[in-house]
Each structure stands twice: as C-alpha cells, then as structure tokens.
Amino acid sequence: GVERDDAKAFACLYNAVFASTDDIYLQGKVRYHLANMYFDGIGIPKNVEEAINWYLKGLSKRYTLAYVGLVKCYEEKNMPEQVAYYAKNIFNHEDSDVRAFASSVYGRAIEQIAAKNIYKAPKLLDVSHAKDRSIHDDIHSLDKKLSGYRGFEAEADRLVRNAETFAKIGNYKRVFPAYERVIDEYPH
158 GVERDDAKAF
168 ACLYNAVFAS
178 TDDIYLQGKV
188 RYHLANMYFD
198 GIGIPKNVEE
208 AINWYLKGLS
218 KRYTLAYVGL
228 VKCYEEKNMP
238 EQVAYYAKNI
248 FNHEDSDVRA
258 FASSVYGRAI
268 EQIAAKNIYK
278 APKLLDVSHA
288 KDRSIHDDIH
298 SLDKKLSGYR
308 GFEAEADRLV
318 RNAETFAKIG
328 NYKRVFPAYE
338 RVIDEYPH
C-alpha cells in the first residue's frame with residue numbers, strides 16, 4: 158500500500174481551502190478538518206491558536222461541528238467561560254453524541270467557573286490584625302458574605318447533577334436552563 162504522509166495531507170487540505178466552490182457546507186467542512194490537523198499536530202506542529210482561527214472560519218461557513226473543536230481548544234487552554242459559551246451552541250445538535258459531549262463539557266466548565274468565583278478571595282480575616290477596628294470589621298463583614306457564597310456550592314452541585322440527569326435521559330431542552338441557573342445564581 159501507500160505510506161501515510163501527514164505533511165502532504167495537510168498541504169492538500171490547506172490548498173483545498175482556496176479551491177473555488179459554491180458549496181458552503183463543503184467550505185466549512187474543509188476548514189474544520191484543517192483546524193483538526195492544527196489541533197492534533199498532524200502534518201504540522203500542534204498550534205491551538207491556529208486551530209481556533211480555522212474552527213472559527215468553519216463556523217463562518219455554518220459548519221456546526223466546529224463548535225466541538227472550539228470547545229476542545231478552550232478546554233485545553235483552561236478557559237471555562239469560552240468552553241461554556243461554545244458548548245451551549247451545540248446542545249440541540251442533530252447528533253446525540255455531540256449533544257452528550259456538549260452537556261458534559263458544559264457541566265465541567267460551570268463547575269470550574271463556580272469554583273474560581275468562590276475561591277478567588279483569600280480568607281481576609283487571617284491577614285487582619287485587630288489593630289484597626291474599622292478595617293477588621295469591614296473584613297469580617299466581607300468574609301461573612303463570602304461564607305454565604307461558599308454555602309451555595311452544595312446547591313450548585315445539585316443543579317449541575319440535575320442538568321446531567323436531564324442530559325442522560327435525553328431531555329436536552331432542560332439541560333441548558335439548569336446549567337444557566339447555576340451561572341445566574343452563583344456569585345460572580
């Protein structure tokens with residue numbers, strides 16, 4: 158048989174991007190596959206930024222699987238806000254595997270966003286010394302407020318589990334609102 162030549166495959170696909178065709182779907186699909194090659198480092202060194210660029214170009218041609226690629230890129234870059242944003246766009250995708258993937262990554266992203274919001278403030282009372290009573294009181298008030306936010310973590314976990322249950326039973330119309338409730342109610 159013929160040996161696999163990833164560099165040649167990449168070059169052919171790259172050239173196909175510039176081929177003249179009126180088929181918007183095909184234009185998007187070619188851009189999506191080119192982005193996959195950048196993301197996976199096939200025929201070219203891995204380059205997540207370039208993959209994002211080509212996934213976005215695939216989306217501009219209405220190739221919706223590009224959302225999956227964008228989600229993977231932003232997951233790798235540890236950017237949960239972008240993961241959640243792009244995952245929301247494929248909750249109603251025609252492919253059930255894509256919908257399940259979207260639900261799963263969206264849930265993880267929401268958990269990461271919530272954890273980041275709750276724990277970004279240090280325990281301020283630990284750094285406060287009672288030398289200045291007004292500052293100590295202000296810090297105590299802020300710490301009390303943050304403690305209330307931390308108490309919401311259990312409720313957020315419950316909401317995320319509900320959304321995952323909706324996804325498992327195929328009730329995708331309720332998945333997004335359940336996750337959205339976590340974002341809306343969780344302190345930012």
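Taken in order, the sequence shown gives residues 158 to 345; the numbers are from our numbering. All C-beta atoms in this analysis are idealised placements derived from N, C-alpha and C, irrespective of residue type, glycine included.
{"query": "Element boundaries [alpha helix (DSSP H), containing glycine 226]", "result": "223 to 233"}
{"query": "Glutamate 251 in three-state terms, based on DSSP", "result": "coil"}
{"query": "Pairwise C-alpha distance: valine 262 and arginine 331", "result": "16 Å"}
{"query": "Where lysine 273 falls: helix, strand or coil (DSSP)", "result": "helix"}
{"query": "Buried or exposed (CB count within 10 angstroms, at least 16 for buried), lysine 214", "result": "buried"}
{"query": "Rounded distance between the beta-carbons of isoleucine 199 and phenylalanine 167, thought under 8 Å", "result": "7 Å"}
{"query": "Integer-rounded CB distance, given that valine 225 should sit under 8 Å from phenylalanine 258", "result": "7 Å"}
{"query": "Beta-carbon proximity check, isoleucine 267 vs lysine 218, cutoff 7 Å", "result": "no"}
{"query": "Contacting residues, own chain, Cβ-Cβ under 8 Å from tyrosine 189 (five flanking each side not counted)", "result": "Trp211, Tyr212, Gly215, Tyr220, Leu222, Ala223 and Gly226"}
{"query": "Endpoints, alpha helix (DSSP H) assigned at leucine 205", "result": "Leucine is not the amino acid found at residue 205; the sequence shown has valine there. Residues 205 to 217."}
{"query": "Beta carbon of alanine 164 nearer than 7 Å to that of valine 187", "result": "no"}
{"query": "Rounded C-alpha distance that separates serine 177 from lysine 203", "result": "27 Å"}
{"query": "Neighbour-count burial assignment, valine 159, 16 or more Cβ in a 10 Å radius", "result": "exposed"}
{"query": "Sequence-distant residues of the same chain with beta carbon closer than 6 Å to glutamate 321, five excluded per side", "result": "Gly264"}
{"query": "DSSP state of asparagine 319 mapped onto helix, strand, coil", "result": "helix"}
{"query": "Asparagine 246, DSSP secondary structure in three states", "result": "coil"}
{"query": "Tyrosine 195 at chain C interface by Cβ criterion, 7 Å", "result": "In the displayed structure, chain C is absent; only one protein chain is listed."}
{"query": "Nearest residue (CA-CA) to asparagine 328, options Ala272, Asp314, His250 and Tyr243", "result": "His250"}
{"query": "Range of the contiguous alpha helix (DSSP H) that encloses isoleucine 356", "result": "Residue 356 lies beyond the residue range present for the chain, which begins at 158 and ends at 345; the question has no answer from this structure."}
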